[in-house]
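Residue numbers (this note's numbering), protein chains in the order written: chain A, 193 to 578; chain B, 193 to 578.
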């Protein structure tokens, strides 16, 4: 990186079925929160993360739309998309714009409005994250594809379904204390066991919800951050994207997230760190199987042992590697294109020491892993208190 | 810019109704052409420009999809979108990735597959470039919005419709010699006059066609380009995006492209140049009114005098400021998300001196202006022979 980049502001809307707000309203709220938090008037550039608006809101061209709705006339603005990993890639685009010396202050806004459509429209729209010709055309929904992965994983490692329960229980427990979370209630092991099957073996509590929401981040160069940031700058140490085939059939091993492994490796190398240096890890638990695979790919567990971390309590706030600390995709919610930005907002909250009842003790260095499709695009970020 | 960036390879498919090729096939062809032209095996990162695939091909997540289809397993890949300006913004993202020091060799691929859908689906998909709540919801198609601008322009400056004819005549004349152009035939003034009205006052020959196509570019840092580039590197001198309101009603003056003016101004400043230094200008002539407005905004004509340049022959290959030199959007074709990349490919062809019968004499410095929506996002690039 040609110059160091820091986060100086964060903002977010609550996540839920927000029928009273439009797409641009949600983006406005998150961005206003972020610039207020950063103590700035307006950025030089806006990077929007969104996946579904062209289909669910008949709206492309969100960069200019949102920049002008917020009142930032004339500023540079674009949208960055990589399905469910859109948030991470938009953040990366902002980091690079600043690192390149071509932009000073950048805003990232992840926004998604999913609940104004029918469930059929939503299912079809989410399937565009998979391969339309080789998966979608055969009727494979996005949850069905994740179910194939989970089924294979359980088969290969001789694991019962219930060993995934602690992922959902942990996520819900952490969501209770997050005022922006969609599901602020705990769930029990019995409730997990009773929960209806969505696509065998994935049940309701293995799945993140359909949600609306927006999250925003303000970034600037380190030298500027020292003057600007009232809450203390959080520095970007690593930023790496890697890909794999979009279709599951093309993968060398569908229960090893190759792109996640590669992306984490690149980010560790950039930061000069290893997995054991990470104090908190915001995973992409769109389905509980993805949390297990992400932990393995990022080097926190051997292949087939991701669920051990959950069983042993290692993933809780007090554990060895706390994940989904503000509720994760499962408890906080999963407004798809916005999720990668929420993960980073939650991480910044932890690194600032502002996570309240969910604060991870001594959280100095943290990581996010934002996953697009069934693992086709993975963006890893490592951030640290400056 | 923290380090200088160069174009070292270009590739493109012919533009047309390419029913025998899928979206990913088109991208493959353009990217294979570009890496061969650059003399490299594979890039480190891929930036895809696309607007319509989520709606017309039920496919988002094109970055990973295309990277893997081309055989570049694991590399970083994302999609950048700003409606019809997607190509320019993806190129800018690649420039910054390299300038930041985080990527060495980057590929840009603009791809669009429009002709496999019904005209109703295409019209609705193109309307997502406009404001869905304030324009699309009222039935305003994209051509209708451009017609409002043209009507206002003709009214304000007391101009007859026929003064726009030379834009179409020039574009078609130049397309004749471009083997990749969709319409390789000249049109006469009489044919322009006779052409049926699409949305008054826009007629068929004021409008670019619905097209399929893909174009690709390989970039790398200047120091690497000197060793790598068999065709001679083309250096990026300026790269600037600016925005205006997406909805026409929100504009301060709908016949002055504020974002184009601002974007050109930023690019000139970066390059240390002025309009008179530009030898060739690839404009975004999606509609002939847009060519006139872009010439004015970029400083080649006073407000209301863009059509004078066309009337006087200044826009031809031999003219003062040649535009649409390989046919432009009108003659070469307009595969929406790919168009900004085609503009840059055409410009590189000119700067390399490889434009054959359409070669602009002494073309050392050139500019592209890629316009999203009715002028809401404008990306200006200035390139020069190194």
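Glycine included, each C-beta is placed from N, C-alpha and C at the ideal position.
Task: Cβ neighbour criterion (16 or more within 10 Å) applied to residue 398 of chain B - done: buried
TODO: Starting from residue 472 of chain A, follow its DSSP beta bridges and name the residues at the other end.
DONE: A:558
Task: Nearest neighbour of residue 275 of chain B, chosen from B:236, B:324, B:286 [CA to CA] - done: B:324
Open item on the list: Is it buried or exposed, residue 562 of chain B, if we count other Cβ atoms within 10 angstroms and call 16 or more buried?
Closed with: buried
TODO: Taking the CB atoms as reference points, tell me whether residue 256 of chain B and residue 438 of chain A lie closer together than 7 Å.
DONE: yes
- [ ] For the alpha helix (DSSP H) holding residue 350 of chain A, just list the boundary residues, first then last.
- [x] From DSSP, residue 350 of chain A is part of no alpha helix (DSSP H); its letter is neither H nor E.
Open item on the list: Below 9 Å on C-beta distance, what does residue 366 of chain A contact in chain B?
Closed with: Here the premise fails: no neighbours, minimum Cβ distance about 29 Å.
TODO: Taking the CB atoms as reference points, tell me whether residue 459 of chain B and residue 432 of chain B lie closer together than 7 Å.
DONE: yes
Open item on the list: Quick check: the Cα distance between residue 237 of chain A and residue 299 of chain A, rounded to an integer number of angstroms?
Closed with: 6 Å
- [ ] Note down the Cα distance separating residue 235 of chain A from residue 560 of chain B, rounded to an integer number of angstroms.
- [x] 25 Å
- [ ] With DSSP collapsed to three states, give me the class of residue 263 of chain A.
- [x] coil
Task: Residues of its chain near residue 231 of chain B, where Cβ-Cβ distance is below 7 Å and the 5 sequence neighbours each way are ignored - done: 420, 422
TODO: Check whether the Cβ atoms of residue 565 of chain A and residue 321 of chain A lie closer than 7 Å to each other.
DONE: yes
TODO: Return the CA-CA distance between residue 500 of chain B and residue 455 of chain B, expressed in angstroms with no decimal places.
DONE: 23 Å
Task: For residue 276 of chain A: DSSP bridge partner residues - done: A:274
- [ ] Starting from the beta carbon of residue 566 of chain B, find every residue of chain A whose beta carbon is closer than 9 Å, and list them in chain order.
- [x] Those within 9 Å of residue 566 of chain B in chain A number zero; the least Cβ separation is about 10 Å.
TODO: Taking all protein chains shown into account, decide if residue 311 of chain B is buried (16 or more other Cβ within 10 angstroms of its Cβ) or exposed.
DONE: exposed
- [ ] Name, going along the chain, the residues of the segment 250–262 of chain B whose beta-carbon falls closer than 9 Å to a beta-carbon of chain A.
- [x] 250, 251, 252, 253, 254, 255, 256, 257, 259, 260, 261
TODO: Using the DSSP secondary-structure output, state which residues sit across from residue 300 of chain B in a beta bridge.
DONE: B:239, B:409
TODO: Just the chain B side, please: which residues come within less than 7 Å of residue 454 of chain A by C-beta, in chain order?
DONE: 266
Open item on the list: Quick test of your reading: residue 227 of chain B and residue 263 of chain B, contact by CB under 8 Å. State the CB separation rounded to the nearest angstrom.
Closed with: So it is not a contact: roughly 10 Å between Cβ atoms.
- [ ] Consult DSSP for residue 323 of chain B and reduce its assignment to one of helix, strand or coil.
- [x] coil
TODO: Return yes when the C-beta of residue 572 of chain B is under 6 Å from any heavy atom of the ligand ATP, and no when it is not.
DONE: Absent from the structure shown: the ligand ATP. Ligands present: none.
TODO: Kindly identify the DSSP beta-bridge partner or partners of residue 573 of chain A.
DONE: A:431, A:560
- [ ] Tell me whether the beta-carbon of residue 374 of chain A lies closer than 7 Å to the beta-carbon of residue 557 of chain A.
- [x] no
- [ ] Taking residue 194 of chain B as the query, report the chain A residues whose CB atoms sit under 8 Å from its CB, ordered along the chain.
- [x] 194, 195, 291, 292, 293
Open item on the list: Less than 6 Å between C-beta atoms, sequence neighbours within five positions excluded: which residues of the same chain meet that for residue 430 of chain B?
Closed with: 459, 462, 463, 574
Open item on the list: Rounding to the nearest angstrom, what Cα-Cα distance links residue 369 of chain B and residue 204 of chain B in this structure?
Closed with: 15 Å
Open item on the list: As a quick exercise: from B:314, B:467, B:243, pick the residue whose alpha carbon is nearest that of residue 270 of chain A.
Closed with: B:243
- [ ] Please decide whether residue 227 of chain A counts as near chain B, where near means a Cβ-Cβ distance under 7 Å.
- [x] no
Open item on the list: Taking contact to mean 3 or more Cβ pairs, one atom from each stretch, closer than 8 Å, check whether the segment 278–292 of chain B and the segment 206–222 of chain A are in contact.
Closed with: no
TODO: Drop a sphere of 10 angstroms on the beta-carbon of residue 251 of chain B, count the other beta-carbons inside from all chains shown, and report buried for 16 or more, exposed for fewer.
DONE: buried
- [ ] Using three-state DSSP, classify residue 234 of chain B as helix, strand or coil.
- [x] coil
Open item on the list: So that I know if they touch, is there some Cβ in chain B lying closer than 7 Å to that of residue 541 of chain A?
Closed with: no
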